[in-house]
Structures are given as C-alpha cells and as structure tokens.
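To start, the structure itself, in structure tokens.
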Amino acid sequence: EDKVVQSPLSLVVHEGDTVTLNCSYEVTNFRSLLWYKQEKKAPTFLFMLTSSGIEKKSGRLSSILDKKELFSILNITATQTGDSAVYLCAVETGTASKLTFGTGTRLQVTL
Amino acid sequence: SAVISQKPSRDICQRGTSLTIQCQVDSQVTMMFWYRQQPGQSLTLIATANQGSEATYESGFVIDKFPISRPNLTFSTLTVSNMSPEDSSIYLCSVPGQGYEQYFGPGTRLTVT
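Quick mapping for you: the protein sequence lines, in order, are chains L and D.
Okay, so the first sequence: first residue is 326 according to the numbering used here, each after it adds one.
Okay, so the second sequence: first residue is 1277 according to the numbering used here, each after it adds one.
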C-alpha cells in the first residue's frame, strides 16, 4: 500500500521565521511529488518535483526532492501570517495520475 | 491552469437522502478525479472519471454509494447516495494540468445530520 508521511503534524512560528516541512514516501511506480497549500477547502498547487536534487523555487517558497532517500522538503523563508495554512504533500503513481496524500502539516504564523 | 467550478459550495442534508455534486471545467480534459476529505483528515481519491467509459473506483469506494457521470470532456457529477453522518466531508474534483500536476475545484462541504 502506498504511504506518504508528513512531519511535523503542526507548527507554530513567529512572523519572519524560516520553516522546513518534511515529506517521506513509500510507493510503487513513483512518477512525481507535489506540494499543495490548503487554506479553506481547495488545495492550491505549489510545486511538482520529478528529479532528485533540482530545487524548485517560487518567491519565499522552495522545495527539493531526494529520490534515493524517498523524501522531499518544503522551505518557507521570512514567513508571513498569510502563510498560515495546511501544507499537503502528494505522490503521483502509476499511469493514471493517481495522487496519494499525506496527512498534512498545519502551519500557524503568529505576529 | 484550468478554471474549475463546483456546485453546490456547501449543503446540509438529512441521512438517507442523496446529493449530486457538479464539477465544470473551462477546457476539455480526458480525466477528472473525485476526492473526499473527512474532517481532520487528508484527501482520499474516490474515483477517476473518464469520458465515455465507466469510472474507476479506489478500494473502499463503490459505484452504488458514489455513482459518477461523465457526459462530456468538461463536466462530471458525483452523487453521494443514502447518506449517513460519516459522509460529512469536503468533496473535491480535480483535473490534470499540462505538466500532469493536478488542479482542484473549490470543493463542496457536505454536512449530514
């Protein structure tokens, strides 16, 4: 059975801090790893990673994948209160674009 | 990325009734996906809806409980049948983007009393 594990489950930081969110996986037929931000109902796409060691970056957010050790990290620098959300990691497997999600990390950024 | 809309946005239903959720995309897509997110849980794939063929259901989900229609390449419906309080969840449809990343609709929050 495919498995995606995220840590920590929740995190409270002060505005301006840097955070690192972790995602490890055990799946068959890996295709890609995706990060999403969920504030209310709909997850918003952040990154898709397919190759090891290549950092994806968007503003203060960045992510990298290690396919040998089967994990990914999502970094957020200079956090802002608007970064408060649940961050979801998902792994795409097989030929039918099936996504298996982790349980998410709930990030709260305080003033 | 595709623009996805869902109806209804939220609903409160009585147990034993059924609710049909609609998902509309602004472009033609081969595959559409339906997910469920129970309170405090992560997203779980219910089924993959392909136009012109039967939906493919994941383990633990059956067609009698979650019938799906896919009449064309821009539209799909998911029905939650004979509802119980355990069906209270957010239901989300998604479609693949050009790079095979998936984009999600705004979701339907269902409460069953």
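Ideal Cβ placement from N, Cα and C applies to all residues, glycine included.
For residue 1385/D, the C-beta contacts it makes with chain L under 8 Å involve 366, in order along the chain.
Three or more beta-carbon pairs drawn from the stretch 1298–1316 of chain D and the stretch 1351–1361 of chain D are found closer than 8 Å, and the two stretches are therefore classed as touching.
Residues 337, 338, 339, 340, 406 of the same chain have their beta carbon placed closer than 8 Å to that of residue 435/L, with the five preceding and five following residues left out of the count.
Interface with chain D (8 Å Cβ-Cβ cutoff): residue 384/L is excluded. In chain order, 1377, 1378 make up the part of chain D whose C-beta sits under 8 Å from the C-beta of residue 359/L. Non-local beta-carbon contacts of residue 346/L in its own chain, meaning distances under 6 Å to residues more than five positions away in sequence, involve 399, 412, 430 in chain order. Per the C-alpha coordinates, the member of 1314/D, 1329/D, 1328/D positioned closest to residue 1322/D is 1314/D. Between residue 1356/D and the set 1370/D, 1340/D, 1335/D, the nearest pair of CA atoms involves 1340/D. With respect to chain D, the C-beta atom of residue 336/L has no partner C-beta closer than 8 Å.
Taking the Cβ atoms as the reference, residue 1298/D lies roughly 5 Å from residue 1283/D, within the contact range of under 8 Å.
Bounds of any beta strand (DSSP E) do not take in residue 1377/D, whose DSSP letter is neither H nor E. Residue 1347/D and residue 329/L have their C-alpha atoms roughly 33 Å apart. Listed in chain order, the positions of the stretch 1353–1375 of chain D with a beta carbon within less than 9 Å of a beta carbon of chain L are 1366, 1368, 1370, 1372, 1373, 1375. In the DSSP annotation of this structure, residue 327/L is not part of any beta strand (DSSP E), being labelled neither H nor E. Within the same chain, 387, 388, 389 come within 8 Å of residue 380/L by CB-CB distance, once the 5 residues on both sides are set aside.
Residues of the stretch 421–432 of chain L whose Cβ lies closer than 7 Å to any Cβ of chain D, in chain order: 421, 422, 423, 424, 426, 427, 428, 429. When rounded, the separation of the alpha-carbon atoms in residue 1293/D and residue 1306/D is 31 Å. Chain L has no Cβ within less than 8 Å of the Cβ of residue 1315/D.
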